[in-house]
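Step one of this worksheet: look at the structure below.
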Amino acid sequence: MLRLERRAQPSRAMRVLAPLIAALLMFVTGFVIFTVLGKAPLAAFEVFFVKPLSSMYGLGELLVKTAPLLLCALGLAIGFRANVWNIGAEGQLVVGALAGSGVALAWGETESHWVLPAMLLAGALGGMAWAAIPAFLRTRFRTSEILTSLMLVYVAQLLLSYFVHGPWRDPEGFNFPQSRMFNDWELLPLLVEGTRVNLGIVFALAVAALSWFFTEKTYAGYRLQVAGLAPAAAGYAGFSEKRNVWLALLIGGACAGLAGIGEVAGPIGQLQPSVSPGYGFAAIIVAFVGRLHALGIVLASLLMSLLYLGGEQAQIDLALPSAITGLFQGLLLFYLLAMDAFVTWRIRRVRRA
Amino acid sequence: MSTPRLALHGISKRYPGVVANDGVSLVVQPGEIHALLGENGAGKSTLMKIVYGVTRPDEGRIEWEGREQRIDSPARARALGIGMVFQHFSLFETLSVAENIALAMDGADSPAALAPRIREVSERYGLPVDPDRLVHSMSVGERQRVEIVRCLLQAPRLLIMDEPTSVLTPQAVQQLFVTLRRLAAEGISILYISHKLDEIRALCDVATVLRGGRVGGRALPREESNDSLAQMMIGRELAPCRLTPREAGPVELELTQLSLPSADPFGTALQGIDLRVRGGQIVGIAGVSGNGQQELLAALSGESRVAERGMVRLGGQPVGDLDPAQRRRRGFGFVPEERLGRGAVPSLSLALNALLTGAGKGLVRRGLVRPAAARAFARTIIERFGVKCRDERSVADSLSGGNLQKFIVGREILLAPTVLVVAQPTWGVDVGAAQLIRQALIDLRDQGAAVLVISEELDELFEVSDRLGVLAGGRLSPLCDPATTSVAEIGRWMAGDFGTAHTEASHAAA
Amino acid sequence: MSPELLIAMLASTAAAATPLVFAAMGELVTERAGVLNLGVEGMMLVGAIAGFAVGLHSGSLLLGYLAAAGAGMAMALIFAVLTLQLQTNQVATGLALTLFGVGLSAFIGKAYTGQPIAAVPHLSLPLLSDLPLLGPLLFRFDVLVYASFALFFAVQWFLTRTRGGLLLRAVGESPAVAHAIGHPVQRVRYAAVLFGGACSGIAGAYLSTALTPMWVEGLSAGRGWIALALVVFATWKPLRVLAGAYLFGGVTVLQLYAQGFGLHIPSEFLSMLPYLATIVVLVLICRDGRTILLNQPASLGKSFHPDA
């Protein structure tokens, strides 16, 4: 008979290995799924995981999708470490996109170096403002930030829909629900010719470095960590819960908002009814798979970005629904959670006494 | 002699890194009150969980009334006739007495159908219990009665009592003993688990002493002295700490008409508490937990804010509106009751746990953590207080209860507080560590700090306190001089009766 | 307002409330056992597509609903194995279940997008359904509306009148104590989680076979989350879940009829109402912390392992 048994010490090896084993299991399951769907598994595998990376353009796309995932996940991870469950990054992203676009649309067509920085700032502030609502409700009324931040995702999406159908619709856009195209000076500059890679990925990596410094080196980062690991100890030490909740949500909101304006001022180039294929939700998985650690999150966001590209490629080459991406994402997180259990537990064979 | 009711042969149980029981054998006769004696961590509770079928042994045999049995569940144990009263009560707070009892009965009786039987048993044994009351509204003593009635309803032939008196007032202990003797006279065997030597000598016929998971000796407690039993229990004599009289300094900690509603819906509100603790003085607060201890501690530490800032003063300054970190900066130190999860973060290293309250000791500069300083501070604590661990990188929950408590007490003492509040300083701690901790508190007092100790262990409070009070029902008794006060009087106060307390010294001396 | 309009509004309210009753009642039972499953939305979606697909292929809605309940339970089983056996964090695992369910249902559902299906029939009793006023008011809903009331009575009866319900509540308060006196905590929790899964699956199938009736990607539109909020709003009491679900149903229906009442508000803002209402009721109920503390199952969301 097999029984779970607590390890005397958490296994360091498993901590590092768990995400790798989880990714491996996801690949294996993918193999099985392709086979069951009657696709030659090796060929399907190549389409999904190799082909997207075989061109310069493809590599560029990988980074284009990595940027928003990385930004959102970094912000969320800081909250998750503190047991602040902001799951509304998608909504904060949308509001960031709205706020930033609002600046561009209000500015008008006059060229200026100041528009883009102002848009980015507005995007971050917009995301923060949206995240401030659950922060306020939790600190003031003890309302679960899980439910409120999630509800606000739907509200944000409807708000976006209202603006692109209504006040911000491009009058010369043949009645399509979208804003005018942004001008060059309103877009993030491209980094590599022939790709869509823009400054966004640089921002995201810079934020990753900052977040590493924050969590590993600062006292504020330590306080958030204690609040997550042992809330009573944080109370005993005098780390204000309210301050932690505000900090975690505002950082998360700013990152997601930045990701949002990065999308509309980047690959999309205008405001549309949908500005994200669920980056804000996928970022939850990225944060966990990346072990809530900056470097891990960088790697996990690359993997997640590849899953998006693979899904698109599979739709084109294999006639599989691109929703298969979501399937893989969910599997990855399940496997990770299961593997995580073996950091603190191990399986032991026991004789029945 | 007749067939033994229960005989254990060579019981062993190992957990990762710990051998809880190592070849333990034990025989209980019908109608015998049998003490299982041992200090914290000696393996008493594990052994009893094995007998009650909660835990399964790795090796060994259990004989019940002459026949070998495999007890693989509490239901099986109950079917055989074994009942158990747990140390931390196994009652559901939000359910009624009858519902609680119904859940532990293996028949399909509904709570309503059980009510008359509950009344009958409770009257027969003088254990008044109302079947319809919700458990959360009951005192600890009442809850224990529910547990005992619950066992008796199943007509047990062996009753296991796990540290039953740790939560009772001295008077309630005497009442419990009357009940237990009566049960024994009816032929019920009682396995009485305790580390309190006086009680065992007063109550038990036979004692088996556990030490480090093994049987360390067997004795007839009525023929032994406390010292000889202690010798068996810890392998050496008990040497109590000495408190040398000393002139008290100025008032360092002052509570004035402190009232506070409880944050816990089932908690106890504090009512008009007045208290002064002077430098160079240890004030002990006795009382059964649940009488406002949590609330008082939270008000002292700053985890609960009080209505008026003047209700709590440190060194004469009002601090009622300050949070725990701010109070710490004013020289306040605090050792909470809950070690893992409050006093220390279980999964963090000792170095990072030193940082938990040690930020003011130069471990943080300009918002950045100084890891080398944190490690050095942790090493100092480990050396000065003899904390047994691999090194400062060990995680907190890899330490034994006693060593972790030494670490936490050491951390707070090394932060050089002018006021130190300690809750249950030696709860669940082995004798050696307990003595070291008490001595450390006395040393701190001798250096002029004001120390407040809140504990359920009366013996301990009598040993270390300059002045002693009781918290009961959210009210604080006057303080008395332990040298001239009897345990019986403290016991009366613990029941909430301070009407006749000689208010002598409390205000004059404080 | 004409009686016809009122009756029509009542019918839409019941239709909007029924999936919430199922999902929230299931989650209530799960939470009363001390397990917080945030995967309701995912289980609903998988139930929705399973019910739709099986109903379409077999031509039997009954089979469809059985499949939906089974699919919900299968999802819940993943959650149960992870959280109960492997002790994973319940919040994280519930989120994972929702994300997985969103992906899985979208993947399977691609082939079914836009296909029509026969909706769940409405009750038609000779005489009774034709009674003036009372007929449409009481006897003309679809079968699942009545089933949701039956579910409410069953859960209420189970929790307050049976030994099993007593045990479930006890486990939810303190699994450690329940274990110490010899009750099978894990089995109780498994059962509660699976029951929750079955209810969520049925709730999902109701969306795809009765409310819309068709499959649209992500058609639950946050109803799983609203159901979770309802359980908190109801302070873990079945009657209040039922009332809350109808309150929400009413809010949802209000947006449909608002234009008719001459309110010229952009439709997006009306569509926000259920989500905003969720936030508002959560704030109202959480404002006094004691309400939650007194009613919330004490072990909610905390892992328990008998061998630890």
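Chains A, B and C, in that order, give the protein sequences.
To convert, take the position in the first sequence, counting from 1, and add 1274; that gives my numbering.
To convert, take the position in the second sequence, counting from 1, and add 25; that gives my numbering.
To convert, take the position in the third sequence, counting from 1, and add 199; that gives my numbering.
Just so you know, even glycine gets a beta-carbon here, dropped at the ideal spot from N, CA and C.
Residue i - partner residues in DSSP beta bridges
i                 : result
SER374 of chain B : B:VAL420
CYS505 of chain B : B:LEU493
TYR217 of chain B : B:ALA60, B:MET186
PRO343 of chain B : B:ARG338
GLN93 of chain B  : Note that residue 93 of chain B is Glu in the sequence shown, not Gln. DSSP lists B:GLU88 as partners of GLU93 of chain B.
MET1 of chain B   : Coverage of chain B is limited to positions 26 through 535, which leaves residue 1 of chain B absent and any answer about it impossible.
ASP341 of chain C : C:HIS321
SER347 of chain C : None, per the DSSP bridge assignment.
C-beta contact flag for residue i and residue j at 9 Å
i                  : j                  : result
GLN460 of chain B  : ARG364 of chain B  : no
GLY426 of chain B  : GLY66 of chain B   : yes
ARG367 of chain B  : GLY1509 of chain A : yes
GLY308 of chain C  : MET274 of chain C  : no
ILE467 of chain B  : ARG267 of chain B  : yes
PRO141 of chain B  : GLU88 of chain B   : no
THR1417 of chain A : GLU1515 of chain A : no
TYR1436 of chain A : TYR474 of chain C  : no
GLY1600 of chain A : GLY1552 of chain A : yes
PHE432 of chain B  : ALA421 of chain B  : yes
THR451 of chain C  : LEU472 of chain C  : yes
ARG239 of chain B  : GLY48 of chain B   : yes
GLU203 of chain C  : VAL301 of chain C  : no
Test: residue i CB closer than 9 Å to a CB of chain B
i                  : result
SER1285 of chain A : no
LEU1521 of chain A : no
PHE1415 of chain A : no
ALA1511 of chain A : yes
ALA252 of chain C  : no
Chain C within 9 Å of residue i, Cβ atoms only
i                  : result
VAL79 of chain B   : yes
ALA244 of chain B  : no
TYR1428 of chain A : yes
SER135 of chain B  : yes
GLU488 of chain B  : no
ARG1626 of chain A : Note that ARG1626 of chain A has pLDDT 48, beneath the 50 cutoff, so the model's placement of it is unreliable and the number below is only indicative. ARG1626 of chain A does not count as touching chain C.
CB contact below 9 Å: residue i versus chain A
i                 : result
ASN211 of chain B : Per the sequence shown, residue 211 of chain B should be read as Glu rather than Asn. Not an interface residue.
GLU328 of chain B : yes
PHE306 of chain C : yes
HIS504 of chain C : yes
VAL389 of chain B : yes
ILE248 of chain C : no
For residue j and residue i, the rounded distance between their alpha carbons
i                  : j                  : result
GLU529 of chain B  : CYS505 of chain B  : Below a pLDDT of 50, predicted positions are generally treated as unreliable, and GLU529 of chain B, at 43, falls in that range; no measurement from the model is reported.
VAL354 of chain C  : ILE425 of chain C  : 20 Å
ALA534 of chain B  : ARG170 of chain B  : Because the pLDDT at ALA534 of chain B is just 39, under 50, the model does not fix this residue reliably, and the point stays unresolved.
SER1375 of chain A : MET1393 of chain A : 7 Å
THR1303 of chain A : LEU1607 of chain A : 13 Å
LEU285 of chain C  : VAL370 of chain C  : 18 Å
PHE1323 of chain A : LEU1581 of chain A : 7 Å
SER531 of chain B  : PRO503 of chain B  : Unreliable placement is indicated for SER531 of chain B, whose pLDDT of 43 sits below 50; no coordinate value is reported for it.
TRP435 of chain C  : LEU61 of chain B   : 44 Å
PRO315 of chain C  : PHE299 of chain C  : 26 Å
Problem set entry | Near-chain B residues of the stretch 1468-1494 of chain A (beta-carbon distance less than 7 Å), N- to C-terminal order | LYS1491, THR1492, TYR1493, ALA1494
For this session: Below 7 Å between beta carbons is the criterion; list the residues of the stretch 1554-1573 of chain A that meet it against any residue of chain C, in chain order.
Result: PHE1555, ILE1558, ILE1559, PHE1562
Exercise. Which residues, in chain order, does the stretch 350-375 of chain C contribute to contact with chain B at a C-beta distance below 8 Å?
Worked result: ARG362, LEU365, LEU366, ARG368, ALA369, GLU372, SER373
For this session: Below 8 Å between beta carbons is the criterion; list the residues of the stretch 379-404 of chain C that meet it against any residue of chain B, in chain order.
Result: ALA379, ILE380, GLY381, HIS382
For this session: Could you name the residues of the stretch 490-501 of chain C whose beta carbon sits closer than 7 Å to any beta carbon of chain B, in the order they occur along the chain?
Result: LEU492, LEU493
For this session: Anything in the stretch 1494-1508 of chain A with a Cβ closer than 7 Å to a Cβ of chain B? List those residues in chain order, please.
Result: ALA1494, TYR1496, VAL1500, LEU1503, ALA1504, ALA1506, ALA1507
Exercise. In chain order, what residues of the stretch 422-451 of chain C put their CB closer than 9 Å to some CB of chain A?
Worked result: TRP424, ILE425, LEU427, ALA428, VAL431
Exercise. Relative to chain A, which residues along the stretch 292-303 of chain C have a C-beta separation below 7 Å, given in chain order?
Worked result: THR292, LEU294, ALA295, LEU298, PHE299, VAL301, GLY302, LEU303
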